[in-house]
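Each remark here refers to the structure printed beneath this line.
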Amino acid sequence: MSDYLFTFVNGLARGLLLFTMAAGLSLLFGVMRVLNLAHGAIVLAGGYVAVTLTARATGMGLIEALPIALVVGALIGTALYFAVKPLLHRDHLDQGLLTLGFAFIFADIAELFWGTQVYSPPPPDFLNRSIELLGGSYPLYRLVVVGVGIVIAVAIFVVFERTRLGAILRAAVSDREMVAAVGFRVPLIMGGVFAGASALAALGGVIGAPIVGVRLGLDTETLILALVVIVIGGLGSLKGALIGALLVGQVQTLGILLLPQASAFLLFGVMAIVLIFKPAGLFGETVK
Amino acid sequence: MSYVLEVRDLHLRLGASHIIKGVDLTVGEGEAVALFGRNGVGKSTLMHALMGLVRASAGSFLLSGEDLTGKPIDRIARAGLAIVPQGRRIFPTLTVQETLTLGARKAAGGWTLERVYDLLPRLAERRKQHVGLMSGGEQQMVAIGRALLRNPKLLLLDEPSEGLAPRIVGELGEVMAALRSDGLSILIVEQNLELGVNLADRVLIMDMGRIVHESPVQEFRDDPSIAHRHLGIL
């Protein structure tokens with residue numbers, strides 16, 4: 011029984027980590043209607059920032075590396091915005107091709123600098139231990155990831171639904187021209203969304219680094235999982251992204267426990283089942 | 052009389068079609084001007100060009116003497132132009148209050164949230180409601196309130212009565228009369244001639260991309276042949 015409970019908590023940690031990694035992708039798609047296939051690369055970039063700062067520099071820990079990774083993520087996002095800007099009015103295929111191209115270039119550059127090995131930066135010392143949990147011992151860091159994921163999810167919803175910034179973003183979802191017509195510089199908002207979404211991706215890369223390991227291939231793996239998450243949840247819906255991520259987290263960890271041979275299939279099986287019954291995803295708007 | 056809006060020889064081409072063919076028009080300080088014309092003669096396109104939603108091909112327009120030709124939408128908005136667009140274009144996922152305060156700016160004009168709620172009491176009752184769930188008439192009032200809180204130098208009203216029930220059009224007329232008596236400068240495009248005539252000081256008629264008639268509202272009212280000739284109304 012406790013096996014299942016641990017698997018559940020593992021799945022929860024995985025799901026919330028995935029939400030952190032996928033939320034930016036969903037936000038970009040929802041607010042800007044941009045498909046950013048370089049999102050996974052930014053997650054990996056955040057991971058490499060953590061690896062580099064904790065291993066080679068002056069004994070920095072993961073916590074000190076985090077703000078730097080956020081800034082790096084925001085800068086990458088801003089640069090990406092200017093690169094994608096000419097394609098904002100084009101369809102998703104064009105945007106996808108461009109951003110996928112950037113992802114490939116990033117992967118090649120990353121291989122030059124960091125090679126193909128797997129890095130696992132340690133969690134911060136005070137979190138690098140196990141605690142008693144329901145009659146067993148459980149890595150504290152994973153529980154912290156659960157907590158951070160919950161905080162991020164709540165923060166995103168509060169900002170989106172309860173603040174003026176959120177109102178501006180929701181307005182931009184429905185009619186960008188009218189947002190401009192009430193005086194806002196829409197390019198600034200769009201650039202800000204790119205920066206914020208990318209900083210969130212980098213954050214996911216940093217906090218996930220001790221758990222999933224930073225390596226070439228994490229970018230595409232994350233991208234595919236994040237795409238599955240937002241397709242299950244409904245494109246552009248943050249609530250959907252959260253539910254989708256929690257579901258994928260459970261399916262993945264339970265799948266490995268129960269049906270190890272079929273675990274890769276299970277994920278896409280679940281997605282297929284969701285799409286059969288809800289073609290627009292769990293919380294998606296009907297496709298127009 | 053000083054002009055809030057001066058449009059000089061404005062042209063607009065979209066692909067092969069020449070939609071606006073040299074429009075000159077002015078709106079004076081505190082004046083309400085109605086722009087009539089049949090469907091497809093370029094009235095809404097002209098409104099869009101003024102707001103920056105489409106770019107004019109040639110010519111210029113000035114708001115209180117400031118040349119805004121070719122400027123981006125937000126720049127034009129900050130210069131003091133506000134629009135109640137055709138089709139309302141409200142933000143469905145925002146509440147009434149969020150919509151109204153979104154672009155609120157303090158400027159001469161003195162429109163505050165309280166004053167807008169006084170003018171449009173139904174919005175005050177529903178301030179927490181999502182605008183997407185409201186009726187067409189209520190959404191139109193939200194669109195008007197949104198524009199008023201910009202405290203614009205000139206308000207563009209693009210077919211505000213379109214798609215509204217007659218009773219609501221009556222309410223709309225009262226709201227617009229209140230705006231006018233408050234001294235707001237208005238340029239209105241309307242298919243409902245009565246609504247436009249009741250509001251305006253001056254009438255313009257547009258046909259095939261040009262202004263073909265201009266007169267004080269009284270002259271338009273007294274001479275039905277004007278409407279007959281240009282608008283095909285008996």
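Line order of the protein sequences matches chains A and B.
Here the first sequence is numbered in this note's numbering, starting from 11 and rising by one per residue.
Here the second sequence is numbered in this note's numbering, starting from 52 and rising by one per residue.
The beta-carbon is built from N, C-alpha and C at its ideal position, and this holds for glycine as well.
If you're wondering where the values come from, they're calculated on a predicted model, not measured in any experiment.
If we define contact as Cβ-Cβ less than 8 Å, is residue i a contact residue for chain B?
i, result
"ASP185(A)", "yes"
"ALA300(A)", "Examination of residue 300(A) is not possible in this model, given that chain A is present from 11 through 298 alone."
"ARG195(A)", "yes"
"ARG180(A)", "yes"
"ALA190(A)", "yes"
"VAL297(A)", "Note on VAL297(A): pLDDT 47, under 50, position unreliable in the model; the coordinate value appears next. Output row for VAL297(A): interface = no."
For residue i, which residues does DSSP report across the bridge?
i, result
"LEU292(A)", "DSSP output for LEU292(A) lists no bridge partner at all."
"GLU257(B)", "Here the sequence assigns Met to residue 257(B), which means Glu is not the residue at that position. Answer by DSSP bridge pairing, in chain order: ILE262(B)."
"ALA85(B)", "ILE239(B) and VAL254(B)"
"GLY79(B)", "TYR54(B)"
"TYR148(A)", "ILE141(A)"
"ILE267(B)", "Rather than Ile, the amino acid found at residue 267(B) in this sequence is Pro. Its beta-bridge partners are ARG253(B)."
"GLU117(B)", "LEU114(B)"
"VAL135(B)", "LEU208(B)"
"LEU65(B)", "SER68(B)"
"VAL280(A)", "DSSP output for VAL280(A) lists no bridge partner at all."
"HIS181(B)", "THR146(B)"
Please check if any C-beta of chain A sits within less than 8 Å of the C-beta of residue i.
i, result
"MET98(B)", "no"
"GLN112(B)", "Looking at the sequence itself, residue 112(B) is Phe, so the reference to Gln does not match. No, its Cβ sits nowhere closer than 8 Å to a Cβ of chain A."
"PRO163(B)", "The identity of residue 163(B) in the sequence shown is Thr, whereas the question assumes Pro. With 8 Å as the cut-off, THR163(B) does not count as an interface residue toward chain A."
"ALA128(B)", "yes"
"MET102(B)", "yes"
"ILE195(B)", "no"
"ARG201(B)", "yes"
"ARG140(B)", "yes"
"ASP125(B)", "yes"
"ARG177(B)", "no"
"GLU117(B)", "no"
"HIS279(B)", "no"
"PRO143(B)", "yes"
"ILE71(B)", "no"
Using DSSP with H/G/I as helix, E/B as strand and the rest coil, what is residue i?
i, result
"MET11(A)", "In this predicted model, MET11(A) has a pLDDT of only 48, less than 50, meaning its place in the structure is not dependable enough to derive any value."
"SER108(B)", "coil"
"VAL74(B)", "strand"
"THR146(B)", "strand"
"ILE277(B)", "helix"
"VAL238(A)", "helix"
"SER130(A)", "coil"
"ARG24(A)", "helix"
"ARG156(B)", "coil"
"ASP233(B)", "coil"
"ARG140(B)", "coil"
"PHE29(A)", "helix"
"ARG173(B)", "helix"
"ARG225(A)", "coil"
Below 7 Å CB to CB, which residues in the same chain sit around residue i once its five sequence neighbours on both sides are set aside?
i, result
"ARG139(A)", "LEU150"
"GLY103(B)", "LYS122, PRO123, ILE124 and ILE127"
"SER208(A)", "GLY34, ILE52, GLY83, ALA84, ILE86, GLY87 and LEU90"
"ALA198(B)", "ALA133, ILE134, VAL135 and LEU206"
Among residues of its own chain, excluding the 5 on either side of residue i, which ones have a beta-carbon nearer than 6 Å to its beta-carbon?
i, result
"LYS94(B)", "LEU86, GLY88, VAL240 and MET257"
"GLY250(A)", "GLY243, GLY244, GLY291, LEU292 and PHE293"
"GLN260(A)", "GLY21"
Can you give me the Cβ contacts of residue i inside the same chain, cut-off strictly under 8 Å, excluding the 5 residues immediately before and after it?
i, result
"PHE123(A)", "TYR58"
"MET11(A)", "Any reading at MET11(A) must be qualified, since the residue scores a pLDDT of 48, below 50, and its modelled position is unreliable; no value is offered."
In chain order, each alpha helix (DSSP H) run of at least 4 residues that lies wholly inside the stretch 187-227 of chain B: 187-199
Unbroken stretches of the alpha helix (DSSP H), 4 residues or longer, contained in the stretch 155-221 of chain A: 174-184 and 186-191
Ranges of the alpha helix (DSSP H) found wholly within the stretch 38-107 of chain A, counting only runs of at least 4: 49-65 and 72-94
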